[in-house]
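One structure is given below, encoded as structure tokens.
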Amino acid sequence: MKKKIVEILQCFTSELIEEDMIEIPTYAHLGDFALPCFPFAKKLRKSPILIAQELAATIKDEKIEKVEAVNGYVNIFMKRTTFTYSILTTILKQGKQYGSSHIGSGGIISIDMSSPNIAKPFSMGHLRSTVIGNSIALLHEKSGYKPVKINHLGDWGTQFGKLLVAYKLWGNEKKVRETPIETLLALYIRFHEEAKVDDSLNDKGRAAFKLLEDGDAEALALWEWFRTESLKEFQQIYDLLGVSFDSFQGEAYYNDKMEPIVGELLQKNLLLESDGALVVDVGDSFPPCLIKKSDGATLYATRDITAAIHRKRTYDFAKSLYVVGNEQSLHFAQLKLVLGKMGYEWSDAILHIPFGLILKDGKKLSTRKGKIILLEEVLNEAIQLAETTIEEKNPLLANKKEVAKIVGVGAVIFSDLKQHRKHDIDFDLKKMLQTEGETGPYIQYTYARACSILRKASAQSAFEVTDVNDYEWEIIKSIEQFPPVIERATAEYDPSLLAKYAVHLAQTFNSFYGNVQIMKDTYYLSYRIALVQSVVIVLEESLRLLGIKAPMEM
Ligand code: ARG
Numbered sequence: 001m002k003k004k005i006v007e008i009l010q011c012f013t014s015e016l017i018e019e020d021m022i023e024i025p026t027y028a029h030l031g032d033f034a035l036p037c038f039p040f041a042k043k044l045r046k047s048p049i050l051i052a053q054e055l056a057a058t059i060k061d062e063k064i065e066k067v068e069a070v071n072g073y074v075n076i077f078m079k080r081t082t083f084t085y086s087i088l089t090t091i092l093k094q095g096k097q098y099g100s101s102h103i104g105s106g107g108i109i110s111i112d113m114s115s116p117n118i119a120k121p122f123s124m125g126h127l128r129s130t131v132i133g134n135s136i137a138l139l140h141e142k143s144g145y146k147p148v149k150i151n152h153l154g155d156w157g158t159q160f161g162k163l164l165v166a167y168k169l170w171g172n173e174k175k176v177r178e179t180p181i182e183t184l185l186a187l188y189i190r191f192h193e194e195a196k197v198d199d200s201l202n203d204k205g206r207a208a209f210k211l212l213e214d215g216d217a218e219a220l221a222l223w224e225w226f227r228t229e230s231l232k233e234f235q236q237i238y239d240l241l242g243v244s245f246d247s248f249q250g251e252a253y254y255n256d257k258m259e260p261i262v263g264e265l266l267q268k269n270l271l272l273e274s275d276g277a278l279v280v281d282v283g284d285s286f287p288p289c290l291i292k293k294s295d296g297a298t299l300y301a302t303r304d305i306t307a308a309i310h311r312k313r314t315y316d317f318a319k320s321l322y323v324v325g326n327e328q329s330l331h332f333a334q335l336k337l338v339l340g341k342m343g344y345e346w347s348d349a350i351l352h353i354p355f356g357l358i359l360k361d362g363k364k365l366s367t368r369k370g371k372i373i374l375l376e377e378v379l380n381e382a383i384q385l386a387e388t389t390i391e392e393k394n395p396l397l398a399n400k401k402e403v404a405k406i407v408g409v410g411a412v413i414f415s416d417l418k419q420h421r422k423h424d425i426d427f428d429l430k431k432m433l434q435t436e437g438e439t440g441p442y443i444q445y446t447y448a449r450a451c452s453i454l455r456k457a458s459a460q461s462a463f464e465v466t467d468v469n470d471y472e473w474e475i476i477k478s479i480e481q482f483p484p485v486i487e488r489a490t491a492e493y494d495p496s497l498l499a500k501y502a503v504h505l506a507q508t509f510n511s512f513y514g515n516v517q518i519m520k521d522t523y524y525l526s527y528r529i530a531l532v533q534s535v536v537i538v539l540e541e542s543l544r545l546l547g548i549k550a551p552m553e554m
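Numbering-wise, the UniProt record's numbering puts 37 at position 37 of the sequence shown, and it's gapless, one number per residue.
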């Protein structure tokens with residue numbers, strides 16, 4: 001709508017009007033849109049009050065009901081009926097396509113997301129990466145890009161040598177099969193405890209990793225088994241979250257691909273020796289990037305440089321995103337700089353999409369020793385709590401278990417996405433499961449309520465809009481904002497814009513529901529049903545793009 005306002009206004013003034021100059025007044029009596037005239041005063045050598053008055057007097061358009069000048073603002077009131085009819089017909093015609101665009105022109109966006117470490121618990125950070133990455137992927141798809149979701153598993157590195165040694169000393173096959181991550185983590189922790197008193201263990205660990213790197217059959221078989229068992233456990237979480245991946249090529253995949261890249265660095269004269277290690281100097285703002293340790297072992301960064309080049313060759317991405325916590329900012333800054341120094345212009349398209357921590361009572365949720373919080377347990381607790389609420393509120397609901405899953409998981413995802421990703425967020429299961437306030441269940445509840453209205457209404461024929469009350473008008477203005485919100489959320493890699501939008505739309509719908517007897521007045525019925533249908537479409541699509549399911553009943 002703002003675009004149209006700009007077009008209209010531009011016909012009546014020679015001053016340049018831009019979209020972000022248009023304000024949406026907080027109070028309805030000040031119009032649907034307002035143009036503050038203060039920015040023009042200096043150039044026109046007139047008071048803003050006078051400019052507003054003169055401009056307001058000239059504006060005439062069939063879409064506009066009236067224009068008023070108040071204190072230097074031009075307040076614009078839209079012709080509600082015309083506008084409402086046009087937006088409702090658009091949404092009903094486009095259905096789920098409403099808000100889709102071709103902005104991305106089919107460009108490929110690779111998204112490095114989730115990326116947990118084998119034999120270690122799936123942490124809260126991995127949860128954030130998974131849900132933020134998933135929503136960013138869905139938003140990009142909606143905007144005409146082709147997302148490729150890559151799970152860059154942490155399945156390589158010296159720690160696997162240690163794990164092999166620990167397993168051979170103290171391992172138990174049955175326990176690994178039953179509770180892989182718990183068992184492997186315990187072995188890893190024990191290794192560190194015992195290595196404190198027996199340093200020879202560390203040498204054994206290094207030797208075991210060397211065997212693994214060189215492709216020793218026994219070491220490789222054990223490692224693969226650890227990987228498979230861990231992945232099975234991760235897969236349960238992905239199934240619960242409803243997230244899938246296009247690739248599980250993790251760090252190990254690059255084991256035999258790093259040497260040519262190290263060769264390329266050497267040939268481009270970028271490798272320096274430092275205390276026996278090989279590094280790339282990336283300028284004064286950052287420490288040098290470590291490529292090889294003095295014992296010849298490669299590192300996390302070596303694998304990421306190799307992976308970035310491999311991804312460019314495989315996908316020819318337009319952009320390559322890394323949805324990884326704030327704490328790895330230095331690593332990704334170095335990655336980008338090294339690729340730049342190698343002469344790859346596309347290093348500009350490497351983007352770290354950072355996020356903050358999940359806190360509990362102001363403290364970091366830790367997965368270290370003793371304090372492990374297994375994510376699966378958290379999700380199951382959320383589902384349980386959701387089930388208790390359903391049992392209280394709607395005991396006759398048909399598929400309670402299924403709905404509880406949708407609500408419990410949706411609540412966790414929504415609480416993660418509703419704040420800007422860079423903020424640390426507080427993890428409070430009870431709060432995120434409330435059906436009031438800015439929560440996932442609140443939006444799902446609103447959606448189910450709208451669906452139930454549609455179930456009660458018989459099929460409606462064509463509708464007319466003869467009159468739009470204030471409650472309806474608020475909904476219309478909100479659903480009209482859906483496409484630009486999608487556009488911004490995509491461009492800024494910011495699902496929280498969409499989450500906040502969904503809360504606002506749900507609020508406007510609920511105040512309509514609480515104040516208007518929707519089914520009572522047959523004169524308005526088909527129009528109001530069209531309005532409810534449109535809300536259902538936009539709410540469902542908003543939730544879908546956040547990675548959350550919408551229950552028809554709850
Ligand atoms: N596995 C790493 C971790 O848990 C995250 C990997 C992120 N992706 C990457 N390409 N470095 O910290």
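In this text, a Cβ means the ideal position worked out from N, Cα and C, and glycines have one as well. Being a predicted model, the structure only gives us computed values, none of them experimental.
Can you list, in chain order, the residues of its chain with a C-beta nearer than 7 Å to that of residue i? Leave out the 5 residues immediately preceding and following it.
i	result
R128	F355, I358, D416
S534	L88, I91, L92, I479
R488	L497
When you compare each of the options to residue i by their alpha carbons, which one comes out closest?
i	options	result
G125	K142, K401, E327, A491	E327
I518	A277, L531, K360	L531
K360	I425, L396, K393	I425
K549	F414, I453, S452	F414
K162	A386, L546, G31, L222	L222
Y513	H423, I453, D348	I453
L270	V338, S123, Q384	V338
R313	D295, S461, I108, E387	I108
G437	L153, L201, K418	K418
S458	Y27, L525, P39	L525
P260	H192, H310, R528, P180	H310
P39	A28, K210, I17, T58	I17
K168	K149, G154, K146, F191	F191
residue 587	Q53, E402, N510, A491	Any property of residue 587 remains undetermined from this structure, which presents the chain solely from 1 to 554.
D281	G340, M78, D199	G340
S247	K268, S115, E474, M1	S115
Tell me which same chain residues have a C-beta within less than 6 Å of the C-beta of residue i, skipping the five on either side of it?
i	result
N515	Y471
K371	The predicted position of K371 is uncertain, since its pLDDT is 48 and thus under 50; a value taken from the coordinates is nonetheless stated next. Counting only Cβ-Cβ distances below 6 Å, and skipping sequence neighbours, we find nothing.
R368	Reliability fails at R368, whose pLDDT of 46 lies under 50, so the model's placement of it is uncertain and the value that follows must be treated cautiously. Contacts found: none.
V243	T130, N134
P36	Y73
A502	I443, S542
L299	L290
D61	I8
Y527	F463, V465
T302	M258, I291
R449	none
E233	P180, I181
Which partner residues does residue i have in the DSSP bridge list?
i	result
K146	I108
P288	The partner list for P288 (beta bridge, DSSP) is empty, contrary to what the question assumes.
M1	Looking at the DSSP assignment, M1 forms no beta bridge with any residue, so it has no partner.
Y322	D112, H352
N75	A34, E68
S247	I150
N117	G154
A277	S274
Just to confirm, are residue i and residue j a CB contact at a threshold of 8 Å?
i	j	result
L321	S110	yes
P495	I136	yes
W156	N255	yes
D467	T81	yes
A404	L433	no
N75	E65	no
G171	L185	no
H152	G31	no
L290	A308	no
K120	I181	yes
S47	A41	yes
V323	M113	yes
If residue i sits next to residue j, beta carbons under 8 Å apart, how far is it from one beta carbon to the other, in whole angstroms?
i	j	result
K292	V262	7 Å
E553	L397	6 Å
K63	F83	6 Å
Tell me which residues share the same chain as residue i and place their Cβ nearer than 8 Å to its Cβ, disregarding the 5 neighbours each side in the sequence.
i	result
R177	E229
L220	L212
S101	K142, S143, G144, P483, I486, E487
Any beta carbon from chain D within less than 8 Å of residue i's own beta carbon?
i	result
V243	Looking at the structure shown, chain D is missing, and only one protein chain is on hand.
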